[in-house]
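Note sheet for the following structure.
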Amino acid sequence: MALHAQIAEMDTTMYGRNPATGKYVNIRGIKLYYEVYGKGEPLLMIHGNGGSINNFIFQIPYFAKHHRVILADSRAQGKSIDPSDSLSYEMMADDLNALLDNLGLKQVNVIGWSDGGINGLLLALRHPDKVKKLAITGANLRPDTTAVDPQVYSMAMGWNRQIQDSLKMMKPASAQLKNTAKVMRLLSYQPNIPATTLHKIKCPVLVIAGDHDVIKNSHTLEIAENIPNSYLWIIPNSGHATPVYKKDEFNNTISDFLAKPYRKIEGEARFN
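The numbering of the sequence shown is the UniProt record's numbering, which starts it at 1 and goes up by one.
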């Protein structure tokens, strides 16, 4: 399948707009939209900035064969409705914790992409009992050029300035523009997670990025090195959209990670 066709499928898939399974739940002052697929050990998938459930079009059918897959549109994104004027990754992580409580789930495995990876880290930090294993791809701890490719950083800040300028010029501003501005401010000025905070994460974590990701390889390594029980996987010839353009390797490797006990590799074992 051509790469552009893979992205185009997100606009036509039933995922993210499926009346057979889609539901709203009122939690923490918002209406959170979510969908559930499959049966088995629960697996939470968390999408990136400005995304939606449909971003995992190539993961849902794969993992739903053996897992109960739970997906939600993050607050202020997708079909979720958020009337507030503030937004943070901590708020979204707490939303997901509340969703899991609502579903009666005490512990889940987690896959997070981009902002979803940030949310996954925060979920493991703020609600450690909820996360059994965590796989993240393209996540960052801070919004600056020590973490993000400088060209991409400049592009993102430029987009943010344009939206904020439009917000000032349009009086009154539309609800949609206000929401877009809120999501872009999140991308531009958050997260702000000290690397040493990751020492508190107890669950096994698979840290993933493309070798030409928007996130610097050095920063991805920094994340992995600060998590006690982590594996690191830098995918060659890949950018930020690893769940799409490297979907087969992505799915197979995470499935293997979830299925097998975490292996501490130290001492003589490092020669193997």
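Note that beta-carbon positions come from the ideal geometry of N, C-alpha and C, so glycine has one too. What you are looking at is a predicted structure, and each value in this text was computed from that prediction instead of being measured.
Cutoff 7 Å; reference residue i; Cβ partners in own chain excluding five residues on either side
i	result
Ile81	Ile30 and Lys31
Leu123	Ala93, Leu96, Asn97, Val110, Lys130 and Val131
Ile57	Glu9, Met10, Thr13 and Tyr15
Arg28	Asp94, Asp95 and Ala98
Ala156	Leu187 and Ser188
Gly120	Ile46, Val110, Gly112, Leu134 and Ile136
Ala64	Tyr37 and Gly38
Ala224	Val207, Ser230 and Leu232
Ala147	Asn140, Leu141, Ile215, Lys216 and His219
Ile254	Ile111, Ala135 and Leu206
Ile265	none
Inter-residue Cα distance where the pair is residue i and residue j
i	j	result
Leu177	Pro243	29 Å
Gly50	Val183	7 Å
Gly112	Asn252	16 Å
Arg75	Arg270	43 Å
Ser188	Tyr153	8 Å
Pro261	Met170	55 Å
Lys246	His219	21 Å
Leu71	Gly38	12 Å
residue 278	Arg263	No information on residue 278 is available, as it lies outside the stretch 1 to 272 that the chain covers here.
residue 284	Gln77	Within the shown structure, residues of the chain are numbered from 1 to 272, placing residue 284 beyond reach of any answer.
Pro19	Leu87	28 Å
Gly116	Ala175	24 Å
Arg126	Lys202	12 Å
Arg17	Gly267	50 Å
Cβ shell of residue i (< 8 Å), same chain only, five flanking positions each side left out
i	result
Ile142	According to the sequence provided, residue 142 is Arg. The question's Ile does not apply to it. Taken in chain order, the residues that qualify are Pro191, Asn192 and Ile193.
Ile163	Leu177, Thr180, Ala181 and Met184
Asp211	Asn217, Ile234, Ile235, Pro236, Asn237 and Ser238
Thr21	Glu35, Val36 and Tyr37
Asp85	Lys178 and Lys182
Phe257	Lys133, Ala135, Pro204, Leu206 and Tyr231
Neighbourhood of residue i by C-beta, 6 Å cutoff - its chain only, sequence neighbours within 5 removed
i	result
Trp233	Ile208
Leu198	Asn226 and Ile227
His66	Gly40
Coarse secondary structure for residue i, derived from DSSP in three states
i	result
Glu222	helix
His67	strand
Asn272	coil
Tyr33	strand
Thr12	helix
Gly210	strand
Tyr231	strand
Ile53	helix
Lys106	coil
Leu141	coil
Ile201	coil
Ala20	coil
Ala241	coil
Gly78	coil
Lys133	strand
Ala195	helix
Gly267	helix
Residue i, enclosing beta strand (DSSP E) - first and last residue
i	result
Lys23	Lys23 to Ile27
Leu44	Glu41 to Ile46
Ile163	From DSSP, Ile163 is part of no beta strand (DSSP E) but of the alpha helix (DSSP H) over Pro150 to Met169.
Range covered by the alpha helix (DSSP H) that runs through residue i
i	result
Asn102	Tyr89 to Asn102
Ser255	Lys247 to Ala259
Ile118	Asp115 to Arg126
Thr180	Ala175 to Tyr189
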